[in-house]
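Residues in the sequence shown are numbered from 7 upward in steps of one, following this note's numbering. I have placed the structure first, in the form of structure tokens, so that the comments after it can refer back to it.
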Amino acid sequence: MFSAAFSGFFLGASLIIAIGAQNAFILRQGLLRQHVFILSLICALSDAVLIAAGVAGLGTLIAQSPKLISFVTLAGAAFLFWYASVAFRRAFHPEAMQVRSNGSVSLKAAVATCLALTFLNPHVYLDTVVLLGSLSARYEGSARAAYGAGAVIASFVWFFSLGYGARLLQPIFAKPAAWRVLDCIIGVVMALIGISLLVRFFNS
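Encoded structure:
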């Protein structure tokens with residue numbers, strides 16, 4: 007059972023710890039020290055629900071629903087392109103770089119953005135539900151539950167570490183130029199993910 011839990015933890019970590027829309031958003035909010043706990047919790051709980059669904063066998067259903075995947079792909083691409091434009095606008099307008107004033111985001115807006123970045127991204131479903139779910143099939147009973155629990159723990163550890171660990175980089179981001187670079191990187195990441203979604207859609 008412990009080996010199953012470790013397997014789930016490390017596979018879950020390998021899927022989560024990557025440059026992606028969720029991580030870029032949590033990193034920026036962590037640097038701003040805005041709504042870090044609730045946003046990290048939302049990301050981790052969302053992963054937990056999806057991982058549980060995958061381990062329970064929902065991955066097979068999603069894999070057999072091309073219309074659902076297509077809808078999420080197009081909606082996700084549109085949202086990512088919009089968010090990329092917001093990041094680029096922040097980067098190229100210095101007045102938008104004031105961390106404590108203009109850079110502030112309401113809790114409602116931050117939660118809405120976090121949920122959109124989570125559930126309008128087909129990669130989330132393919133990684134957490136389909137991939138983790140299919141790999142959990144080799145375990146049975148308590149070992150399968152331990153596998154899912156390991157993946158869930160990896161998600162909680164990662165998002166809270168990223169959100170609260172980001173403040174260690176704050177001395178670097180004391181200068182507006184560093185924020186411009188970060189927002190440019192975030193914009194590029196979001197745009198590239200959006201492009202990859204469109205490529206997947208038109209090639210499917």
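Ideal Cβ placement from N, Cα and C applies to all residues, glycine included. The structure presented is a predicted model; accordingly, all values stated were derived computationally and were not measured.
{"query": "Assigned secondary structure, residue 206 (DSSP; H/G/I helix, E/B strand, else coil)", "result": "helix"}
{"query": "Length of the line joining the Cα atoms of residue 144 and residue 208", "result": "33 Å"}
{"query": "Proximity below 8 Å, CB of residue 17 to CB of residue 151", "result": "no"}
{"query": "Cβ neighbours of residue 105 in the same chain (closer than 7 Å, five flanking residues each side left out)", "result": "For residue 105, the predicted model reports a pLDDT of 45, less than 50, meaning its position is unreliable; a value from the coordinates is still stated below. Closer than 7 Å at the Cβ level, and outside the excluded window around residue 105, lie 38."}
{"query": "Top-ranked residue by Cα proximity to residue 32, from 140, 56, 181, 161", "result": "161"}
{"query": "Best match in 188, 169, 137, 93 for proximity to residue 20 [C-alpha to C-alpha]", "result": "137"}
{"query": "Nearest-angstrom Cα separation, counted from residue 153 out to residue 94", "result": "40 Å"}
{"query": "Residue 199 beta carbon less than 8 Å from that of residue 86", "result": "yes"}
{"query": "Nearest neighbour of residue 139, chosen from 126, 42, 57, 117 [CA to CA]", "result": "57"}
{"query": "Backbone secondary structure at residue 216 - three-state DSSP", "result": "In the structure as shown, the chain starts at 7 and stops at 210, and residue 216 therefore has no counterpart that could be examined."}
{"query": "Own chain, CB closer than 6 Å to residue 52, minus 5 neighbours either side, in chain order", "result": "124"}
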